[in-house]
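S.K.:
Number of protein chains: 2
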Amino acid sequence: MNAYTVSRLAQDAGVSVHVVRDYLLRGLLRPAARTAGGYGVFDADALQRLRFVRAAVEAGVGLDVLTRLCRALDAPDAGEAAVWLAELRQLVEWRQRALAGLEVQLSALRAEVARQDGALP
Amino acid sequence: MNAYTVSRLAQDAGVSVHVVRDYLLRGLLRPAARTAGGYGVFDADALQRLRFVRAAVEAGVGLDVLTRLCRALDAPDAGEAAVWLAELRQLVEWRQRALAGLEVQLSALRAEVARQDGALP
DNA sequence: CTTGACTCCGTAGTTAACTACGGAAGTAAC
DNA sequence: GTTACTTCCGTAGTTAACTACGGAGTCAAG
Chain A
484 MNAYTVSRLA QDAGVSVHVV RDYLLRGLLR PAARTAGGYG VFDADALQRL RFVRAAVEAG
544 VGLDVLTRLC RALDAPDAGE AAVWLAELRQ LVEWRQRALA GLEVQLSALR AEVARQDGAL
604 P
Chain B
484 MNAYTVSRLA QDAGVSVHVV RDYLLRGLLR PAARTAGGYG VFDADALQRL RFVRAAVEAG
544 VGLDVLTRLC RALDAPDAGE AAVWLAELRQ LVEWRQRALA GLEVQLSALR AEVARQDGAL
604 P
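Going down the list, the protein sequences come from chains A and B. Going by this note's numbering, the first residue of the first sequence is number 484, and it counts up by one from there. Going by this note's numbering, the first residue of the second sequence is number 484, and it counts up by one from there.
#1: If residue 567(A) sits next to residue 558(A), beta carbons under 8 Å apart, how far is it from one beta carbon to the other, in whole angstroms?
#2: Below 8 Å, how does it come out for the stretch 568-575 of chain B and the stretch 527-543 of chain A: are there three or more Cβ pairs, yes or no?
#3: Nearest chain B C-beta to residue 514(A) closer than 9 Å, yes or no?
#4: Ignoring anything shorter than 3 residues or poking outside the stretch 501-535 of chain A, list the beta strand (DSSP E) runs there in chain order.
#5: Any Cβ of chain A within less than 9 Å of the Cβ of residue 545(B)?
#6: Which residues, taken in chain order from the stretch 553-584 of chain A, show a beta carbon closer than 8 Å to some beta carbon of chain B?
#7: Between which residues of its own chain and residue 536(A) is the CB-CB distance below 6 Å, once the five residues before and five after are set aside?
#8: If you draw a straight line from the alpha carbon of residue 513(A) to that of residue 544(A), how long is it in whole angstroms?
#9: What does the Cβ neighbour count give for residue 587(B), buried or exposed, with the cut at 16 atoms within 10 Å?
#10: Measuring only between beta-carbons, confirm whether residue 494(A) sits less than 9 Å from chain B.
#11: Using the C-alpha atoms, what's the distance from residue 519(B) back to residue 491(B)?
#12: Roughly how many whole angstroms lie between the Cα atoms of residue 522(A) and residue 565(A)?
#13: Sorted by chain position, which residues of the same chain lie with C-beta nearer than 8 Å to residue 499(B)'s C-beta, five sequence neighbours on each side aside?
#14: Could one say the Cβ of residue 593(A) lies closer than 9 Å to chain B's Cβ atoms, at least one of them?
#15: For residue 488(B), tell me which candidate among 509(B), 515(B), 508(B) has the shortest Cα-Cα distance.
#16: Assuming residue 509(A) and residue 552(A) are in contact, meaning their beta carbons sit under 8 Å apart, how far apart are those beta carbons, in whole angstroms?
#17: Got a sec: which bits of the stretch 514-533 of chain B sit with their beta carbon under 7 Å from any beta carbon on chain A, in order along the chain?
#18: Can you find a CB in chain B that lies within less than 9 Å of the CB of residue 486(A)?
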């Protein structure tokens, strides 16, 4: 039920097969099972995991933190997972603050550029 | 009036001298003047510029975009600067959306972990 | 059972941003 | 002017994340 190959998983998450393989090696992801020949078999949970990891990466989170979290999730070690989740939350907040600060500076710059633009026509 | 050396500039922006030098080479930053011996002399504007660049970098903006923007600002080419500013704004919005999405997934994960935690005591 | 596409795995290359090294020369305090 | 620190500049190394290569093995459709 809902079995994915590596390439299907990659495609559904909008990622190259190489990236999936990289994540498998790092322990961010793992096959739900393997065929007799050693091929990875993935399920919907794996896809969700991959999507989560990608969202985090695109938000600027490092793979090292994500690796620790995913390993704890797979252990499963709820205590440790909670720790890394907290760290991630903090990271997200830090990023959001950085972005908010940047937005302010951007507005200031925009005003300045507009002023210059009007000053020498 | 408010003259900075490279090291003072770096220190005030919370950055290593190497980074400042890197930015100088890339054209993100430039000395207001140079001494007879070739030493860079910076002013308050340079510090503001450096702080802006750092905020952007920490928000996940690439140095290439920033380079184009800073060069336009220094040209000064208000038209082109506006273009890169717009691109930057877009990038900031994209990042903010990515972070918001991640936050949602994080909450879901947190709930799941908490549920597991309670499920096997 | 053959054929064509997919997968495995290790290894290697790329890019971005930063970090480090080292010697020649400048600067400033005495 | 000597001394101690700073700067210049080129070059080189590091790290993170991804991208690419290639040959051997596996799968599934006919």
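Every residue gets a Cβ at the ideal spot worked out from N, C-alpha and C, and that includes glycine. All values reported here derive from a predicted model rather than from experimental measurement.
M.R.: On the basis of the supplied data:
#1: Their Cβ separation, rounded to whole angstroms, is 11 Å, which puts residue 567(A) and residue 558(A) out of contact at 8 Å.
#2: no
#3: no
#4: none
#5: no
#6: 556, 559, 561, 562, 564, 565, 568, 571, 572, 575, 578, 579, 581, 582, 584
#7: 511, 549
#8: 20 Å
#9: exposed
#10: no
#11: 19 Å
#12: 32 Å
#13: 493
#14: yes
#15: 515(B)
#16: That belief does not hold up - the Cβ atoms of residue 509(A) and residue 552(A) are roughly 12 Å apart, past 8 Å.
#17: none
#18: no
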